[in-house]
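The next block holds one structure in the form of structure tokens; read it before the comments.
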Amino acid sequence: MQFKASQKLLYPNLSESKSNENVQSPNGEEEEQMPQESSRRLALEKELQKELNVKEGFEKFFSCELNPRAYNHKLMESTRQLFEDNKAKITYLKMQIDRLVIQEQSNGANFLSKSDAVVDDLLYRLHRETALTDGALNMLRTMKDSKKSEKNYKELHEAVIQAEEKIDLIRLALKKYMDILPSESPKRIQIRKEIDPRSNDSRFSPPASYGSSTYGDGTPKASTIPRHSVDHRRSGAPMPTLAVSGKLELNIHGVQDLIGDIPGRTNRGDLTSIAGGNSYSDLGKFKTTKNMQRQYSQNARGSLTDEVYAILRIDNHIVAQTDAKQPSKLCWNHKTSINLDRVRELEIEIYYRDHRSMCAFAVLKLGNLIEKQERKEST
Numbered sequence: 001m002q003f004k005a006s007q008k009l010l011y012p013n014l015s016e017s018k019s020n021e022n023v024q025s026p027n028g029e030e031e032e033q034m035p036q037e038s039s040r041r042l043a044l045e046k047e048l049q050k051e052l053n054v055k056e057g058f059e060k061f062f063s064c065e066l067n068p069r070a071y072n073h074k075l076m077e078s079t080r081q082l083f084e085d086n087k088a089k090i091t092y093l094k095m096q097i098d099r100l101v102i103q104e105q106s107n108g109a110n111f112l113s114k115s116d117a118v119v120d121d122l123l124y125r126l127h128r129e130t131a132l133t134d135g136a137l138n139m140l141r142t143m144k145d146s147k148k149s150e151k152n153y154k155e156l157h158e159a160v161i162q163a164e165e166k167i168d169l170i171r172l173a174l175k176k177y178m179d180i181l182p183s184e185s186p187k188r189i190q191i192r193k194e195i196d197p198r199s200n201d202s203r204f205s206p207p208a209s210y211g212s213s214t215y216g217d218g219t220p221k222a223s224t225i226p227r228h229s230v231d232h233r234r235s236g237a238p239m240p241t242l243a244v245s246g247k248l249e250l251n252i253h254g255v256q257d258l259i260g261d262i263p264g265r266t267n268r269g270d271l272t273s274i275a276g277g278n279s280y281s282d283l284g285k286f287k288t289t290k291n292m293q294r295q296y297s298q299n300a301r302g303s304l305t306d307e308v309y310a311i312l313r314i315d316n317h318i319v320a321q322t323d324a325k326q327p328s329k330l331c332w333n334h335k336t337s338i339n340l341d342r343v344r345e346l347e348i349e350i351y352y353r354d355h356r357s358m359c360a361f362a363v364l365k366l367g368n369l370i371e372k373q374e375r376k377e378s379t
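Under the UniProt record's numbering, the letters of the sequence shown match residues 1 to 379, in that order.
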């Protein structure tokens with residue numbers, strides 16, 4: 001998949017000088033680096049506390065019933081601007097503290113090649129989506145005979161389908177990396193154990209409580225997906241990334257080279273039971289928004305269409321969506337602006353407007369945008 005998007009991250013343009021990045025020297029100067037980082041972090045934390053106290057004062061001032069005769073319009077506008085500058089500085093200081101914490105945590109960590117880092121990230125996401133699916137299925141079985149709202153049931157059902165579709169794509173990506181790695185590579189062996197459904201390891205078998213998750217043809221889809229319901233130690237969480245606050249301006253131009261045939265993907269409209277039988281026989285066609293439902297239902301049971309659309313999520317909440325268009329470099333040209341509050345990742349999902357549904361997704365680590373922008377400004 002080739003995905004093209006341009007982005008501009010806007011964050012406080014403060015007068016404070018940026019901290020110099022520490023470079024480890026071959027003469028053992030790393031031992032002095034940690035105290036310097038800790039000292040810098042303590043100084044930033046003290047400054048942050050001062051700004052938080054100032055913010056509290058502003059909030060008390062604005063919460064009081066002000067006498068309009070005592071404060072003219074110009075003075076109030078100036079005060080509000082100072083308040084906005086104060087909030088911007090707090091955001092900036094928090095980001096700088098987070099950056100130093102991440103640097104401290106990463107000291108001494110083993111260096112990974114780019115491909116190894118990608119594989120580790122994919123394995124982590126595979127386990128996370130698998131755990132999400134198992135948890136949602138357990139909740140669906142619990143809700144099956146209870147009088148819970150149909151809306152909650154549909155949302156859980158949609159979460160299961162979305163996680164299953166991501167698992168399909170993650171497995172394809174892992175297989176691609178497995179095919180290009182040397183045969184003796186430890187990562188290749190690890191990937192094979194993780195994605196091979198024929199593995200005899202009990203960790204990769206569906207749990208006994210999984211139940212009969214079957215589709216219209218009676219074939220259990222989950223039987224092809226390794227389950228990691230207990231042991232996640234082999235794919236611990238990746239290195240933390242910077243939490244970003246500010247305003248993200250994003251232009252999604254288009255998409256190319258999408259996969260056309262997704263192995264094992266079943267028509268969502270044919271889904272008849274996700275938790276051993278229920279009254280919602282057509283839940284597979286529901287999406288999390290009316291627009292998504294409308295775009296999908298037009299072709300759920302009809303012929304294939306190459307039209308695709310993109311959905312942007314933050315913390316699993318939809319923040320933007322494009323129209324459905326034929327894939328090309330400039331098929332969408334969709335501009336959007338997103339306010340961020342300590343956000344680490346932006347997820348972009350690509351959907352076919354037919355039963356193939358999700359065909360690609362990308363995770364944009366927002367902290368990397370900050371670092372790229374700072375490198376550009378320093379050159």
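Using N, Cα and C, we set each Cβ at its ideal position, and we do this for glycine too.
Leaving out five residues before and five after Y177 in sequence, what residues of the same chain have Cβ atoms less than 6 Å from its Cβ?
-> Cβ within range, chain order: V119.
Classify I338 as helix, strand or coil using the three-state DSSP reduction.
-> strand
Assign Q326 to one of two classes, buried (16 or more other C-beta atoms within 10 Å of its C-beta) or exposed (fewer than that).
-> exposed
In this structure, does DSSP put L75 in helix, strand or coil?
-> helix
Is the beta carbon of L126 less than 9 Å from the beta carbon of L174?
-> yes
Can you tell which of V308, M358, L312 has the C-alpha that lies nearest to the C-alpha of L169?
-> When only C-alpha atoms are compared, the closest one is M358.
Cα-Cα, which of A136, L364, G260 is closest to K154?
-> A136
Other residues of its chain near H192: CB distance less than 7 Å, five sequence neighbours each side excluded = One detail in the question is off: residue 192 reads as Arg in this sequence, not His. M178.
Distance, Cα to Cα, Q96 vs T133?
-> 36 Å
Residue burial classification, F361 (beta-carbon count within 10 angstroms, cutoff 16) = Label assigned to F361: buried.
Can you give me the start and stop residues for the alpha helix (DSSP H) that A159 sits inside?
-> Secondary structure note for A159: its alpha helix (DSSP H) is the uninterrupted segment 150–180.
How close, in whole Å, do the beta carbons of A310 and I338 come, if the pair is a contact with beta carbons under 8 Å?
-> The Cβ separation is near 14 Å, so there is no contact.
The stretch 339–353 touching the stretch 242–254, judged by at least three CB pairs closer than 8 Å = yes
Residue environment, C331, which counts as buried when at least 16 other CB atoms sit within 10 Å | buried
So, using beta-carbon positions, are V308 and R353 closer together than 9 Å?
-> yes
Would you report the Cα separation of K187 and E59, rounded to the nearest angstrom?
-> Taking the straight line from one Cα to the other gives about 53 Å.
Looking at the unbroken beta strand (DSSP E) that takes in I350, where does it start and where does it end?
-> 345–352
Can you grab the Cα-Cα spacing for the pair D196 / G260, in whole Å?
-> 23 Å
Exposure of Q162, with buried meaning 16 or more beta-carbon neighbours within 10 Å = buried
List the DSSP bridge partners of F361.
-> E349
Per DSSP, I311 is paired with what?
-> Q321, E349
Look at the alpha carbon of V363 and the alpha carbon of I348, and state the distance between them as a whole number of angstroms.
-> 6 Å
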